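Following this note's numbering, the numbering of the first sequence begins with 1228 at its first residue and continues without gaps. Note that beta-carbon positions come from the ideal geometry of N, C-alpha and C, so glycine has one too. Please read all numbers here as calculations on a predicted model, not as lab measurements. Structure first, commentary second.
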Amino acid sequence: MQPLLMLRPAQHEGARVTMRRILKRAFFDRPTLVVAEELIGKFLVRERDGVSRASMLTEVEAYDGPKDKASHAFWGRTPRNAVMFGPAGVLYVYFTYGMHHMLNVTTGPEAYPAAILIRGVEGISGPGRLTKALGITRDLDRLPAAKATGLWFEDSGVVVPPRAIRRTGRIGVSYAGPLWSKRRYRFVWKA
DNA sequence: TAAGTGATCTCT
DNA sequence: GAGATCACTTAA
């Protein structure tokens, strides 16, 4: 049986008292690709009006370092992307295509620009649809991923076998050239 | 396959 | 301020 079917968000609600393990900054303060792969199978928890919803992560993309041509940080620090240059475990939410909010979480050490784009959770695929479904806007930009923020990451207890995670090139970044767009920086839980 | 939408950034 | 661009979605 697939782990995906063994523990669903609804069941997590009942198990939280003994299982809650919010991912701390130290989890994100590691190499971006490592964090990205380990995020698969973790919970993304969104709390609004006292109601929390946990969604299991199924798809993420890494944007790693100043040399990553597909990264917002490649052209240097700007007001928008400054948070990528800061400490790990901070939310980076930006608006694009005139209609979509994109949710990212920063990784790696201070001054090293990197973040992970949250592309999908169980039942929702596509980064724009995800933020719309969970009510994520730029109000959350620059805030730490923590309970006080209303958005955080949590260990689920699910162990995703490495062979269940497919690595592919990143989506929509062909402008960065084949070297960077084809790098296997996208992690997808192949259920 | 292309329209839609608006913030962001790079020029003037 | 103008113009180009954009880590996307949807309808066709």
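Coil, strand or helix - residue i by DSSP
| i | result |
| --- | --- |
| residue 1408 | helix |
| residue 1355 | helix |
| residue 1252 | helix |
| residue 1338 | coil |
| residue 1329 | strand |
| residue 1262 | helix |
| residue 1375 | helix |
| residue 1317 | strand |
Residue i burial status per 10 Å Cβ neighbour count (16 or more: buried)
| i | result |
| --- | --- |
| residue 1406 | exposed |
| residue 1366 | exposed |
| residue 1412 | buried |
| residue 1302 | exposed |
| residue 1265 | buried |
| residue 1381 | buried |
| residue 1237 | With a pLDDT of only 46 at residue 1237, under the threshold of 50, the placement of this residue in the model should not be trusted, and no figure is reported. |
Neighbourhood of residue i by C-beta distance below 8 Å, restricted to the same chain and skipping five residues each side
| i | result |
| --- | --- |
| residue 1362 | 1273, 1275 |
| residue 1317 | 1310, 1332, 1333, 1369, 1370, 1371, 1372 |
| residue 1338 | 1312 |
Bridge partners - residue i, DSSP secondary structure assignment
| i | result |
| --- | --- |
| residue 1279 | 1274 |
| residue 1348 | 1284, 1351 |
| residue 1291 | 1341 |
Cα-Cα separation between residue i and residue j, rounded to whole angstroms
| i | j | result |
| --- | --- | --- |
| residue 1298 | residue 1278 | 34 Å |
| residue 1404 | residue 1373 | 36 Å |
| residue 1356 | residue 1322 | 13 Å |
| residue 1280 | residue 1247 | 13 Å |
| residue 1333 | residue 1349 | 22 Å |
Own chain, CB closer than 6 Å to residue i, minus 5 neighbours either side, in chain order
| i | result |
| --- | --- |
| residue 1415 | 1286, 1393 |
Cut-off 7 Å between Cβ atoms - residues of its own chain near residue i, not counting five sequence neighbours on either side
| i | result |
| --- | --- |
| residue 1295 | 1301, 1407 |
| residue 1360 | 1351 |
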